[in-house]
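Undergrad: So the sequence shown is numbered by my numbering: it starts at 507 and just counts up by one.
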Amino acid sequence: MGHIKDKTIKVLFANSRNQCAFPGCQTPIIDSSGTVLGEICHIKAKSTGGPRFDYDIKADELHGEENLILLCAVHHKIIDDDPAAYDVSTLQSIKQSHVNSAPPSMETNSDLFCRLLLNRAEAAINVSKNSGNVAINSNGVTQGQVVNIRQSGGRVMVAPPSDSIGANSDMTSYIAYLIKRYNEFASKEKSRTRAFSYGAISKNLEAELGCQWRLAKTCKFDQAVDYLIARIAKTRLAKLNKAKGYRSFSTYDEHLKKLAQ
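#1: Determine the closest residue to E695 out of S754, R720, A744, with distance taken between C-alpha atoms.
#2: What residue does the beta strand (DSSP E) around I546 start on, and which one ends it?
#3: Output the distance between the C-alpha atoms of G544 and G751, rounded to the nearest integer angstrom.
#4: Could you give the DSSP three-state label for I735: helix, strand or coil?
#5: Ignoring anything shorter than 3 residues, give me the beta strand (DSSP E) runs that lie fully in the segment 523-595, in order along the chain.
#6: I'd like to know whether the C-beta atoms of A730 and L746 end up nearer to each other than 8 Å.
#7: Does the Cβ of H509 have 16 or more other Cβ atoms within 10 Å, making it buried, or fewer, making it exposed?
#8: According to DSSP, what are the bridge partners of S670?
#9: Between the C-alpha atoms of G570 and D593, what's the straight-line distance to the nearest angstrom?
#10: Determine the closest residue to E760 out of Y680, G555, Y704, S670, with distance taken between C-alpha atoms.
#11: Is it true that the segment 574-582 meets the segment 514-527, where meeting means three or more beta-carbon pairs spaced less than 8 Å apart?
#12: Any chance the CB of D566 is under 7 Å from a heavy atom of the ligand SAM?
#13: Taking the beta carbon of C547 as the centre, do at least 16 other beta carbons fall within 10 Å, making it buried, or is it exposed?
#14: If you count every other CB in all the chains shown that lies within 10 Å of the CB of L765, and 16 or more means buried, which is it?
#15: Assuming L518 and L574 are in contact, meaning their beta carbons sit under 8 Å apart, how far apart are those beta carbons, in whole angstroms?
#16: Keeping to the same chain, check which residues put their C-beta closer than 7 Å to that of C531; ignore five residues upstream and five downstream.
#17: When the Cα of A722 is compared with those of K748, A736, P667, K709, which residue comes out closest?
#18: Can you give the beta carbon distance from A590 to K686, rounded, assuming they're within the 8 Å contact cut?
#19: Using a Cβ-Cβ cut-off of 7 Å (strictly less than) and excluding sequence neighbours within five positions of D676, which residues of its own chain qualify?
#20: Whole angstroms is fine: what's the gap from K552's alpha carbon to I515's?
#21: On the criterion of 16 or more Cβ atoms from any shown chain inside 10 Å, does T678 qualify as buried, or is it exposed?
#22: Does the distance from the C-beta atom of N704 to that of D588 stay below 8 Å?
#23: Of the residues F755, P557, L576, which one's Cα is nearest the Cα of D586?
#24: Determine the extent of the alpha helix (DSSP H) in which R742 is found, giving its start and end residues.
#25: Please check the pair R742 and G555, which I expect to be a contact at CB under 8 Å, by giving their CB distance rounded to whole angstroms.
Here it is as structure tokens:
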């Protein structure tokens, strides 16, 4: 986060009008007392396993205004916890709608506010004084004596262990694809009597694996895939597709070939 330029934050803050960009949220980015409530969020991530990971994104694009959005801490956590629902196009649409809703506005103390945002974003902690092992979700997930953690606005982001699904960009991409595919199908069920929860499938998968799927070991990848495919197959649209001889999702190999094109 340290490479975000001051002028980039100024444009971002002006376009935000000091308000979280999430639809319907009125939380200020910085309140009248000077307390920072907002966070600088990346639409695309460069770190392997990060929400909306994009292997090809360049450093200047990563920290450019077009790839950043200002959100309150609550909605930042929501979009990063469910990147299948809040994918790149969805976040770009949310940002554009917020920008278009009113003209840019600069606060009297905008320079100070922008510096406060950057200072908060650059905060980092290093859990290096731990004398024992640190376990990241103890169910089959790697332990270590030193764990580097990146903190953004009070939220602790843990890098996936090297032998986890989240550390493998291909596996991460396919799981996210299947989650998105399930949500596309399940959200269109005509018999639904209440609002559809796009984040429910990720929670269900977590229960199936015994931990967050990104932190699960790669040996659980097939289990995760089988679970999601079974959930897709149970939807009405998937059953209709099967009756017509159509497939409802790409295989892992087919998905990787599409990514390589």
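For glycine and all other residues, C-beta sits at the position ideal for the given N, C-alpha and C.
Note that the structure is a prediction, hence the values are computed from the model and not measured.
TA: If we stick to the structure as given:
#1: Residue 695 sits at position 189 when you count from the first residue of the sequence shown. The candidate whose alpha carbon is nearest that of E695 is A744.
#2: Against the sequence shown, residue 546 aligns to sequence position 40. Segment 544-548, the beta strand (DSSP E) holding I546.
#3: Sequence index remark: in the sequence shown, residue 544 carries index 38 (1-based). Sequence index remark: in the sequence shown, residue 751 carries index 245 (1-based). Near 49 Å, if we compare the C-alpha coordinates of G751 and G544.
#4: Residue numbering aside, residue 735 sits at position 229 when the sequence shown is read from its first letter. Three-state DSSP puts I735 in a helix.
#5: 544-548, 574-578
#6: Your numbering for residue 730 matches position 224 in the sequence shown. Your numbering for residue 746 matches position 240 in the sequence shown. Their beta carbons are not under 8 Å apart, which means A730 does not touch L746 by this criterion.
#7: As a position in the sequence shown, residue 509 is number 3, starting the count at 1. Exposed is the call here.
#8: By one-based count along the sequence shown, residue 670 stands at place 164. S670 pairs with K723.
#9: By one-based count along the sequence shown, residue 570 stands at place 64. By one-based count along the sequence shown, residue 593 stands at place 87. Taking the straight line from one Cα to the other gives about 18 Å.
#10: For this step, residue 760 is matched to residue 254 along the sequence shown. Taking only the C-alpha atoms, the option nearest E760 is Y680.
#11: The answer is yes - the segment 514-527 touches the segment 574-582, with three or more Cβ pairs under 8 Å.
#12: Looking at this structure, you won't find the ligand SAM or any other ligand, since it has none at all.
#13: Taking the sequence shown and counting its residues from 1, one reaches residue 547 at position 41. So C547 counts as buried.
#14: Along the sequence shown, one-based indexing puts residue 765 at 259. Classification of L765: exposed, given that the 10 Å Cβ count is below 16.
#15: Here residue 518 refers to the residue found at position 12 when the sequence shown is read from its first residue. Here residue 574 refers to the residue found at position 68 when the sequence shown is read from its first residue. Yes, L518 and L574 are in contact; Cβ-Cβ is about 6 Å, under 8 Å.
#16: As a working mapping, residue 531 is identified with position 25 in the sequence shown. Once the five neighbours on either side are set aside, the close Cβ partners of C531 are C578, H581.
#17: Start at 1 with the first residue of the sequence shown, and residue 722 comes out as number 216. A722 has its Cα closest to that of P667, out of K748, A736, P667, K709.
#18: For the purposes of this step, residue 590 is taken as residue 84 along the sequence shown, with counting starting at 1. For the purposes of this step, residue 686 is taken as residue 180 along the sequence shown, with counting starting at 1. The pair is a contact, with the Cβ atoms about 4 Å apart (cut-off 8 Å).
#19: For the purposes of this step, residue 676 is identified with residue 170 of the sequence shown, where counting begins at 1. Cβ within range, chain order: L762.
#20: Taking the first residue of the sequence shown as 1, we reach residue 552 at position 46. Taking the first residue of the sequence shown as 1, we reach residue 515 at position 9. One C-alpha to the other measures close to 19 Å.
#21: Here the question's residue 678 lines up with position 172 in the sequence shown. Buried.
#22: Within the sequence shown, numbered from 1, the residue matching residue 704 stands at position 198. Within the sequence shown, numbered from 1, the residue matching residue 588 stands at position 82. Correcting the residue type first, residue 704 is Tyr in the shown sequence and not Asn. A contact, by the Cβ cut-off of 8 Å.
#23: If you number the sequence shown from 1, residue 586 lands on position 80. The shortest C-alpha separation from D586 is found at P557.
#24: For the purposes of this step, residue 742 is taken as residue 236 along the sequence shown, with counting starting at 1. Counting along the chain, the alpha helix (DSSP H) containing R742 begins and ends at 742-749.
#25: Position 236 of the sequence shown holds residue 742. Position 49 of the sequence shown holds residue 555. Their Cβ separation, rounded to whole angstroms, is 33 Å, which puts R742 and G555 out of contact at 8 Å.
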